[in-house]
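Trainee: Chains as they are written, first to last, in our numbering: chain A, 17 to 441; chain B, 17 to 441; chain C, 168 to 329.
Just so you know, even glycine gets a beta-carbon here, dropped at the ideal spot from N, CA and C.
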Ligand SMILES: [Ca+2]
Ligand SMILES: [Ca+2]
């Protein structure tokens, strides 16, 4: 009986032996048919919820303000909602955000494959992440044959959860943390941080880096980028040095959310236990928990209808305030563009305006690119949006002051646009 | 055992018969010594928490921004944190907000006694609320001999909870609701709405009225005041027609908060059951639940330390954003005052600025005057503050436009003040 | 000289114990009927919530709260807990909210696994210890929707949800 045996020693019964970092999930699947068959469902999921779901709808069409906000950056061309894990490889190859012209210095690096394939752990071990990231996306393509799979999250043999992405390992180290010391429950969140985090490409080697050296709270991340003087792109005409935020689920959820503080992990909601016959196992069909709230929330919350109604309310409030913030940033962009076109503009004031625009937009994006429409940490979302709106309006005022032109104080610029913007070409 | 006995049929044993609306709580106390002795504790409580508590500290000293925000209104003279129920009468008589000069048309009406005494239910029944409210505070004083007591919440004899304030009765009626139909659990919240609500004095008769005809959500309340063209005072120099919000605990808590939606009532947290020997009763020592979280929260939350830490986090976030909002409104006031002093100001733009100032400040006050520093409904608090800040900044921009003067876009006006303002005389 | 008071003391103790056993029906406390535990009305709410929770059909208090690996451990722990409970009850040293101690929690966890071994076998296995309580998720299992709630009349179905 198992309690006479220290749990560390309890091993899974394995029919087939799996070699370390085996990229082919179907081999692992012979040992664990339940996990494999549920993982495969992520391929065909396509049901939507009010604010998310698995259909890959276009954010640029759903909210054309984002075309303006990302103007001059590939995200203004193509930006879809995410879908299931097994589509990762197909989707990264299909996005119009790629630049596959290796002659162009701005071509897409191999780094973009980092979170899309179970071939990576093996490749990183073999050639090292530095060499990997120096290659172009094109050059890497022949080495990548598998989409996300078991090797991205598990150690073969023991099946324990591990950090497979060297960028995560290094980011934790930079904070003096070692994932090897984490408890099993902590790993049920940290394993998602292999990918669901804000990142940037450091230097010419496009080295994958998480901006966490000062901490993972939003102001610490902004401070990090300020110290580094980093920018993702320059906003056309306005000339603001912009930052793009990307899926910071981990940073957002762990910033003191109700659930995180109560010890709940990502996997508790997104990979709830399901039973197949007598035994239960973790569903590997990862998607919106609003599609199976009975399983995802129902064990902790007896009234799962109640919590789902609550999610609706939270998301609606966040979505509405997010639109106010977008409008404020668009008004600011309009003003800064007009000011920048004026050769007599006061450079110091205009730069202050740009700095506030940069921060306001990164803060907004941190909430917007986070995929739960605020649910992972509702108060944090609203707090950040309140701060962002305040900065955006101040950016607009500074831009107007820089050229002493009252017309720059125009508000509601987006609402007056007709027709509304469409995705860039 | 009790589950075989419907609770409705268990009657109270009463030693002394209490006449209807008996104002003297000590008589009721002969029947219910536990309730009476705990109620008496509210007299001497004086422990503070981080953001509230029972010591009656001055808000104007704790946050001198509020002196500016309430300038021209009695609240800029004297505004303390509330303390226990049995101090109500003493405190209303002592506040410097009173104007006891009955010759002055702005003298304080008797209406100010409405929520401070157990004599009221009897008086209202005898002379009617209309006649009551037409008297001056001075004239009413001899009739008021008891502070808040049993008769404000209970029906003598049955001891059931009742609506005693005609203003609440009428406000519910206006929404087509009848408190007699409410369940016991609902009454455990509604009984507090006799007093813990936003109110105004209607017309020259100073008739106590709750602005709920359109609903109790903040935008419905604002709409109500807009339709009525009501103002509490005019902001000096800026000439904005202002609204003051006052302790809207009921409206705020019931606007879809987690706890309200989950069926939790005010009394669950503020009047938890306690035991004295074998008997279990509702503590009538109403105060901050952070002073007895084991009792107040522990019945529902197994980890009461966890929830208290959470309250801290929520309140800190709300308190910080609230300061941002105050700063934005002060910047707007500054701009509007300067614009109003300019005879060439564009009147239409300046009026728009005033209208936004009016709304922004009412929204801020709705959160600020609510006594839980956001905890009763955290997301609602942050959402309202985000909207308020946005409006305040737009008010400032409009004021600057109205006089075509960039210097009105100055920000951080409060921070530059030295010395900081002190309470008005 | 010394012997008499000693005998008297022993006799007195025996009489007192006899009276105690008679008056309090102490032997019942050696049994396992849930009503016994609920004798102390301080545990009314746990009883009520257990009674209405899904496990009432299958379990008694002791199935979860006492160790079952062997009968020595069972009675040792029963004695230890009982003594503690009676001490707390008679001295009136009753905490505001009664909470399971860490030791109790470990015992309960063992018991969940004892009955549900087959179900949880594959999920509690693995290279790292499971390290969390079953009722972190199964919050309603033993004592109702919100744990051992002591608040009566709390019924959200009675309350309109906006
Ligand atoms: Ca999706
Ligand atoms: Ca107080």
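Excluding five sequence neighbours on each side, which residues of the same chain lie with their C-beta closer than 7 Å to the C-beta of residue 221(B)?
Mentor: The residues are 146, 149, 150.
Trainee: Comparing the CB of residue 99(B) with every heavy atom of ligand 2, is any distance shorter than 7 Å?
Mentor: Yes, Cβ of residue 99(B) sits closer than 7 Å to a heavy atom of ligand 2.
Trainee: When every heavy atom of ligand 2 is checked, does at least one fall within less than 7 Å of the C-beta of residue 70(B)?
Mentor: Yes - ligand 2 has a heavy atom lying nearer than 7 Å to the Cβ of residue 70(B).
Trainee: Bridge partners for residue 217(A) per DSSP, in chain order?
Mentor: Beta-bridge pairing links residue 217(A) to 224(A).
Trainee: For a test of the three-state rule: what should DSSP assign to residue 215(C), helix, strand or coil?
Mentor: Residue 215(C) falls in the helix class under three-state DSSP.
Trainee: Taking the beta strand (DSSP E) that residue 292(B) belongs to, which residues open and close that run?
Mentor: 289-292 is the extent of the beta strand (DSSP E) around residue 292(B).
Trainee: Name the DSSP beta bridge partners of residue 258(A), please?
Mentor: According to DSSP, which records beta bridges pairwise, residue 258(A) is partnered with 249(A).
Trainee: By alpha-carbon positions, which one of 56(B), 108(B), 61(B), 31(B) ends up nearest to residue 47(B)?
Mentor: Nearest C-alpha to residue 47(B): 31(B).
Trainee: Taking just the CA atoms, how far does residue 368(B) sit from residue 362(B)?
Mentor: Answer to the nearest angstrom: the Cα atoms are 10 Å apart.
Trainee: In or out: residue 286(A) buried (at least 16 other Cβ within 10 Å) or exposed?
Mentor: Buried, by the Cβ-count rule.
Trainee: Since residue 452(A) is in the beta strand (DSSP E), which residue starts that stretch and which ends it?
Mentor: Only positions 17 to 441 of chain A appear in this structure, which leaves residue 452(A) out of reach.
Trainee: Quick one: give me the first and last residue of the alpha helix (DSSP H) that residue 268(B) is part of.
Mentor: Looking at the DSSP string, the run of the alpha helix (DSSP H) that includes residue 268(B) is 265-270.
Trainee: Using a Cβ-Cβ distance under 8 Å, would residue 264(C) count as near chain B?
Mentor: Yes - at least one Cβ of chain B is within 8 Å of the one on residue 264(C).
Trainee: Within this structure, are the beta carbons of residue 402(B) and residue 63(A) separated by less than 8 Å?
Mentor: Not in contact: residue 402(B) and residue 63(A) (Cβ atoms no closer than 8 Å).
Trainee: Figure out for me which residue from 134(B), 262(B), 255(B) has the closest Cα to the Cα of residue 226(B).
Mentor: For residue 226(B), the nearest C-alpha among the options comes from 262(B).
Trainee: Quick check on the DSSP output: the alpha helix (DSSP H) that includes residue 422(A) runs from which residue to which?
Mentor: Here residue 422(A) belongs to no alpha helix (DSSP H), and DSSP marks it neither H nor E.
Trainee: List the endpoints of the continuous alpha helix (DSSP H) containing residue 383(A).
Mentor: Per DSSP, residue 383(A) belongs to the alpha helix (DSSP H) from 363-384.
Trainee: Go to residue 198(A), then tell me how far its alpha helix (DSSP H) extends in each direction, as first and last residue.
Mentor: Counting along the chain, residue 198(A) falls outside any alpha helix (DSSP H), and DSSP gives it neither H nor E.
Trainee: Which of helix, strand or coil does DSSP assign to residue 53(A)?
Mentor: Of the three classes helix, strand and coil, the one that applies to residue 53(A) here is helix, per DSSP.
Trainee: Please list, in chain order, the residues of the stretch 127-150 of chain A that have any C-beta partner in chain B closer than 7 Å.
Mentor: Cβ contacts with chain B: none found.
Trainee: For residue 69(A), which beta-bridge partners are listed by DSSP?
Mentor: For residue 69(A), which the question treats as bridged, DSSP gives the partners 64(A).
Trainee: For residue 309(C), which option in 288(C), 218(C), 268(C), 203(C) has the closest C-alpha, if you only look at C-alpha atoms?
Mentor: It is 218(C) whose Cα lies nearest to the Cα of residue 309(C).
Trainee: Please list the terminal residues of the continuous alpha helix (DSSP H) segment that includes residue 107(A).
Mentor: Here the alpha helix (DSSP H) through residue 107(A) covers 104-110.
Trainee: Can the beta-carbon of residue 38(B) be found closer than 8 Å to that of residue 172(B)?
Mentor: Cβ atoms of residue 38(B) and residue 172(B): closer than 8 Å.
Trainee: Assuming residue 391(B) contacts residue 346(B) under a Cβ cut-off of 8 Å, what Cβ separation, rounded to an integer in Å, is found between them?
Mentor: No, residue 391(B) and residue 346(B) are not in contact; Cβ-Cβ is about 25 Å, not under 8 Å.
Trainee: Taking only the alpha-carbon atoms, compute the straight-line gap between residue 408(B) and residue 153(B) and give it to the nearest angstrom.
Mentor: Answer to the nearest angstrom: the Cα atoms are 36 Å apart.
Trainee: Can a CB atom of chain A be found closer than 8 Å to the CB of residue 321(C)?
Mentor: At residue 321(C), the pLDDT of 39 sits below 50, so the modelled position is not reliable; the number obtained from the coordinates is stated separately. No, its Cβ sits nowhere closer than 8 Å to a Cβ of chain A.
Trainee: With distances taken from CA atoms, which of 114(A), 120(A), 119(A) is nearest residue 127(A)?
Mentor: Of 114(A), 120(A), 119(A), the residue nearest in Cα terms is 114(A).
Trainee: Our contact map puts residue 55(A) next to residue 284(A) with C-beta atoms below 8 Å; I'd like the distance itself, whole angstroms only.
Mentor: No, residue 55(A) and residue 284(A) are not in contact; Cβ-Cβ is about 18 Å, not under 8 Å.
Trainee: Looking at chain A, which residues of the stretch 283-303 of chain C have a Cβ within less than 9 Å of any of its Cβ atoms?
Mentor: The stretch 283-303 of chain C vs chain A, Cβ under 9 Å: 284, 285, 286, 287, 288, 289, 290, 291, 292, 293, 294, 295, 296, 297, 298, 299, 303.
Trainee: Hey, would you say residue 396(B) sits closer than 8 Å to residue 271(B), going by beta carbons?
Mentor: For residue 396(B) and residue 271(B), yes; Cβs fall inside 8 Å.
Trainee: Say whether chain C places a C-beta atom closer than 8 Å to the C-beta of residue 279(A).
Mentor: Closer than 8 Å: yes.
Trainee: Helix, strand or coil for residue 101(B) per DSSP?
Mentor: Residue 101(B) falls in the helix class under three-state DSSP.
Trainee: Kindly indicate which three-state DSSP category residue 317(B) falls into: helix, strand or coil?
Mentor: Looking at residue 317(B) - three-state DSSP - the assignment turns out to be coil, as it is neither helix nor strand.
Trainee: Rounded to a whole number of angstroms, what is the C-alpha to C-alpha distance between residue 49(A) and residue 297(A)?
Mentor: Approximately 11 Å between the Cα atoms of the pair.
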